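Protein chains: 2
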Amino acid sequence: MNIPYAPHPPLPAALIEDLAHRFTNRFSISQAVRDQHGRDESVHPAAAPDAVVFVETTKEVAEVNRLCSQHRVPVIPFGAGSSVEGHFLAIRGGVCIDLTRMNHIVAVHAEDLDATVQPGVTRKQLNAELHGTGLFFPIDPGADASLGGMAATRASGTNAVRYGTMRENVLGMTVVLADGRIIRTGGRAKKSSAGYDLTRLFIGSEGTLGIITELTVRLYPLPEAISSAVCTFPGVDAAVDTVIQTIQLGIPVARIELLDALTISAVNRYSKTTLTEAPTLFFEFHGSPSAVEEQAALVQEIAAGHGGMNFEWATRPEDRSRLWQARHDAYFACLQLRPGSRAFPTDVCVPISRLAECIRATNEDIARCPIPVPLFGHVGDGNFHLVVLIDPDNPQEVAEAERINHAVVKRALAMEGTCTGEHGIGIGKQKFLVDEHGEAAVDVMRALKRALDPDNLLNPGKILS
Amino acid sequence: MNIPYAPHPPLPAALIEDLAHRFTNRFSISQAVRDQHGRDESVHPAAAPDAVVFVETTKEVAEVNRLCSQHRVPVIPFGAGSSVEGHFLAIRGGVCIDLTRMNHIVAVHAEDLDATVQPGVTRKQLNAELHGTGLFFPIDPGADASLGGMAATRASGTNAVRYGTMRENVLGMTVVLADGRIIRTGGRAKKSSAGYDLTRLFIGSEGTLGIITELTVRLYPLPEAISSAVCTFPGVDAAVDTVIQTIQLGIPVARIELLDALTISAVNRYSKTTLTEAPTLFFEFHGSPSAVEEQAALVQEIAAGHGGMNFEWATRPEDRSRLWQARHDAYFACLQLRPGSRAFPTDVCVPISRLAECIRATNEDIARCPIPVPLFGHVGDGNFHLVVLIDPDNPQEVAEAERINHAVVKRALAMEGTCTGEHGIGIGKQKFLVDEHGEAAVDVMRALKRALDPDNLLNPGKILS
Chain A
1 MNIPYAPHPP LPAALIEDLA HRFTNRFSIS QAVRDQHGRD ESVHPAAAPD
51 AVVFVETTKE VAEVNRLCSQ HRVPVIPFGA GSSVEGHFLA IRGGVCIDLT
101 RMNHIVAVHA EDLDATVQPG VTRKQLNAEL HGTGLFFPID PGADASLGGM
151 AATRASGTNA VRYGTMRENV LGMTVVLADG RIIRTGGRAK KSSAGYDLTR
201 LFIGSEGTLG IITELTVRLY PLPEAISSAV CTFPGVDAAV DTVIQTIQLG
251 IPVARIELLD ALTISAVNRY SKTTLTEAPT LFFEFHGSPS AVEEQAALVQ
301 EIAAGHGGMN FEWATRPEDR SRLWQARHDA YFACLQLRPG SRAFPTDVCV
351 PISRLAECIR ATNEDIARCP IPVPLFGHVG DGNFHLVVLI DPDNPQEVAE
401 AERINHAVVK RALAMEGTCT GEHGIGIGKQ KFLVDEHGEA AVDVMRALKR
451 ALDPDNLLNP GKILS
Chain B
1001 MNIPYAPHPP LPAALIEDLA HRFTNRFSIS QAVRDQHGRD ESVHPAAAPD
1051 AVVFVETTKE VAEVNRLCSQ HRVPVIPFGA GSSVEGHFLA IRGGVCIDLT
1101 RMNHIVAVHA EDLDATVQPG VTRKQLNAEL HGTGLFFPID PGADASLGGM
1151 AATRASGTNA VRYGTMRENV LGMTVVLADG RIIRTGGRAK KSSAGYDLTR
1201 LFIGSEGTLG IITELTVRLY PLPEAISSAV CTFPGVDAAV DTVIQTIQLG
1251 IPVARIELLD ALTISAVNRY SKTTLTEAPT LFFEFHGSPS AVEEQAALVQ
1301 EIAAGHGGMN FEWATRPEDR SRLWQARHDA YFACLQLRPG SRAFPTDVCV
1351 PISRLAECIR ATNEDIARCP IPVPLFGHVG DGNFHLVVLI DPDNPQEVAE
1401 AERINHAVVK RALAMEGTCT GEHGIGIGKQ KFLVDEHGEA AVDVMRALKR
1451 ALDPDNLLNP GKILS
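So the protein lines, in turn, are chains A and B.
Numbering follows this note's numbering, in which position 442 of the first sequence is assigned residue number 442; successive positions increment by one, without gaps.
For this note's numbering, add 1000 to where a residue sits in the second sequence, where the first one is 1.
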């Protein structure tokens, strides 16, 4: 798979001794703990770190970085482990910094619509803790990912069409650099023109420029009214055309998701739903009761114009939760379409005007493929996913998945899109980085990496090889 | 004023010859042309470049950069010249690249809600060209600034509370690096997780990391209904409390601007308006007719609760334009409060919960100051401006302005705010950069600068000294 796994020397005994002495039972070199930190949700071959430290403070992260830097040993941050592009696989060995114990909510500033959290806080945990404040945090990449990991991969999800991605929703962060220096990027002001945008530099840097140990995120008032609906279409084209028209008219839908017939059948089986097995859009509208009603009526009219049928509304909170849980479980539902398979996921994003054409051509690739390939995604942003369900031990199937991935990425790039809308580069998409940005821009990325991590110790081999 | 103006050698004759040969009558060393490019809207002492090149293409910018880089001569980009922090003053000499002839709209993708423009296109020009498409570009920093300059300073303005700043509204850019390499950052996809966020790195970098020669910006459907209003208050506090409550309730106002009584009196004189000379909020609501009506009713109720009086509506487009033109002319109106004075402007931004306290304390500074100091701003974002109207030849007045600037910035930073919400660092705010970000974060900025411009030739002495 052309992945830059590289042989590496064992950890220096002096480093093991220092870390064990400092972190006692929060330091582990047991095979079980290492293995648990060396395999992600995708088909990328496992690569366990040489040791794991369970840190509890920013200062501890700084200590680990400093020690590892003295010994020229890689460090790899670990959050919820929900990456699908091999982000935390220790392909050059090194010490894994497990941030899951840094899971405290430092402050909720309800009056300023922001919260400061440690990186191990997950999106569901944050929203649970916000219960009763009248506020919520909208970004939801399906998995119950950690906020640190979500910032590091510039994650988004179903609400991004209305609320933006992690790029738009982090005000500032605490970051530990390769050499252990601690910096704060950004304050709590909603906007600033004070110097280089370090916050955005670290968002999406996948742990290769610094380790995020605290972040201040934007919150939003819970909408007065919420209403969700599903609607089936005679074909994927008709569904996508509905999305395009909705976005072009500027209707502020909160969510607008496409699931193809295969994905719906997987969802029905996995989540015990009884959705019609046809191309389907999931909608959600947020606002005042009258605004929600107005938006819903407009979208219903657009959908009808494209043959949309069976508009079914979920207005009770429990029905809405059930619907969206089913949507979020689509990835795992798809895996069950072929028991024993692993997912080879890919994720591209194109300008909305090219979305129908892109999905249509991709469906031709899928039709020619002997393996099941469900298609679904955040089509309001022009972003969709394929999940190629392969037997990872069958080289022909791996090659077939690579072929489809290549085809869909090439197509997206030719349409001025991107090779990944929200999964990140990790190790899986490095081969497309120059195609997308050009050699000179990737050289700039390399220069930034060298400037901040001259010894290439922070999550080496990710984004840039 | 502690500004890093530095003596510098004259331009090498060989460089002058090369540039004159290459650019003929688009190259100038005339004193008049140089002077015109060496003085901004603020009190910063003029500093003319040694030469000016009027470029027409990205390739020409690359040629100038390459030639200047060979001779180790600074290059300074110039847009509309509307900076108030000395951004384009040639404090280390060098060649000014005038981008005003690069004022073509390259493409409008109405169906994707984006447009690609050259950097010399101004915001008014873009909106004029969008006439008839049903779309508009919302960012409006008062002055009819160029979009390249707006990106370079991370500009925002009155609509930012609803539509965000340049940070949120640029999809991608073409940038020429110090050595003449041309890169493209970002595509046209609405979101991407493909590598480091080079777009955001150059936004707000004030010409110190690269020169922006093309940018793709987001457009928005013109709201179906727009309505504007002014409302006066018994005091600044009452007005600010109205703003805070509006924002905390999540009412999606498009604009919510504060002008103090002194500013209103200046506006009345300059723009021949007849506004009540009291603390005043200017509002604008965008949406469907019913949404606008609903938002306006809510805000009117909030304002009434704080003693807001004389809610006056401007629904006809010409009345609205007149109102907002008056708002945008506030800066120039203020200058006329004291004929012959120059403006010492400052601009801070704080979390909205601290805004009332910040403005109250600042008003105490103003009350103690013998010079007129109008206060106004984009309070929906927690951002406000002071314009200290000084005689620049009177050292005591300059010192007084410095004192007020210091006090308000220190106060904003103590409140987790920023020393500049939208004007940028330029030369005027460098002294606050470490106070705001800390030495280690500013060191990271220095490392980025060295990585991309090792010879310190791109707009040297700005942001970082």
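The beta-carbon is built from N, C-alpha and C at its ideal position, and this holds for glycine as well.
In this text the structure is predicted, and so the values were computed from the model without any measurement.
Around the C-beta of residue 1394 of chain B, fewer than 16 other C-beta atoms lie within 10 Å, and the residue is accordingly described as exposed.
For residue 190 of chain A, a Cβ of chain B is located within less than 8 Å of the residue's own Cβ. For residue 395 of chain A, the three-state secondary structure derived from DSSP is helix.
Counting only Cβ-Cβ distances below 9 Å, residue 1445 of chain B has contacts in chain A at 195, 196, 198, in chain order. Residue 1024 of chain B and residue 111 of chain A have their C-alpha atoms spaced approximately 59 Å apart. Listed along the chain, the chain A residues whose CB falls inside 9 Å of the CB of residue 1248 of chain B are 110, 111, 112, 113, 221.
At a cut-off of 8 Å between beta carbons, residue 71 of chain A makes no contact with chain B. With a 10 Å radius around the Cβ and a threshold of 16 neighbouring Cβ atoms, residue 1254 of chain B comes out buried. Boundaries of the beta strand (DSSP E) harbouring residue 1349 of chain B: 1342-1349, taken from the DSSP string. The beta carbon of residue 288 of chain A lies closer than 7 Å to those of 224, 225 in the same chain, with the five residues before and after it left out. Only residues of its own chain outside the window of five on either side were considered, and among them 1074, 1075, 1076, 1077, 1087, 1088, 1206, 1207, 1208 have a CB closer than 8 Å to the CB of residue 1459 of chain B, listed in chain order. For the segment 1014-1034 of chain B, the set of positions with a beta-carbon nearer than 7 Å to some beta-carbon of chain A is empty. Between the segment 1384-1401 of chain B and the segment 1425-1436 of chain B there are fewer than three inter-stretch CB-CB distances shorter than 8 Å, so the stretches are not counted as touching. Residues of the same chain with a CB within less than 6 Å of the CB of residue 271 of chain A, apart from the 5 flanking positions on each side, are 326, 329 in chain order. In terms of beta-carbon proximity, residue 63 of chain A stays away from the interface with chain B, with every pair separated by 8 Å or more. DSSP, reduced to helix, strand and coil, places residue 1163 of chain B within a helical segment of the structure shown. Contact check for residue 1372 of chain B and residue 1389 of chain B: beta-carbon distance about 5 Å, within the 8 Å limit, so the pair qualifies. Out of A:351, A:175, A:450, the CA that lies nearest to the CA of residue 419 of chain A is found in A:351.
Taking a C-beta distance under 8 Å as the contact criterion, residue 1157 of chain B and residue 1378 of chain B qualify as a contact pair.
In this structure residue 21 of chain A is exposed. Its beta-carbon is surrounded by fewer than 16 other beta-carbon atoms within 10 angstroms. Excluding five sequence positions before and after residue 1181 of chain B, the CB atoms of its chain that fall closer than 8 Å to its own CB belong to 1062, given in chain order. For residue 422 of chain A, there is no enclosing alpha helix (DSSP H), as DSSP marks it with neither H nor E.
Contact check between the segment 1188-1205 of chain B and the segment 406-418 of chain A: three or more CB pairs, one atom from each, fall below 8 Å, which counts as touching. Within the DSSP secondary-structure output, residue 109 of chain A pairs in a beta bridge with A:114.
Runs of the alpha helix (DSSP H) lying entirely within the segment 1009-1069 of chain B and spanning at least 4 residues, in chain order: 1013-1023, 1031-1036. The beta carbon of residue 1167 of chain B sits closer than 6 Å to those of 1154, 1203, all from its chain and outside the five residues before and after it, given in chain order. Between the segment 313-320 of chain A and the segment 5-20 of chain A there are fewer than three inter-stretch CB-CB distances shorter than 8 Å, so the stretches are not counted as touching. Nearest CB-CB separation between residue 1450 of chain B and chain A: below the 8 Å threshold.
For the 8 Å CB-CB criterion, residue 1080 of chain B and residue 1145 of chain B form a contact. Nearest CB-CB separation between residue 1205 of chain B and chain A: below the 8 Å threshold. DSSP, read as helix, strand or coil, puts residue 1332 of chain B in helix.
When the beta-carbon positions are compared, residue 1360 of chain B and residue 1237 of chain B come within less than 8 Å of each other. The Cβ of residue 383 of chain A sits closer than 8 Å to at least one Cβ of chain B.
Scanning chain A for C-beta atoms nearer than 9 Å to the C-beta of residue 1240 of chain B yields nothing, as the closest lies near 13 Å away. Legend: CB atoms of the segment 174-185 of chain A lying less than 8 Å from CB atoms of chain B belong to residues 177, 181, 182, 183, 184, 185. Among the residues of chain A, those whose CB is under 9 Å from the CB of residue 1156 of chain B are 191, 193, following chain order.
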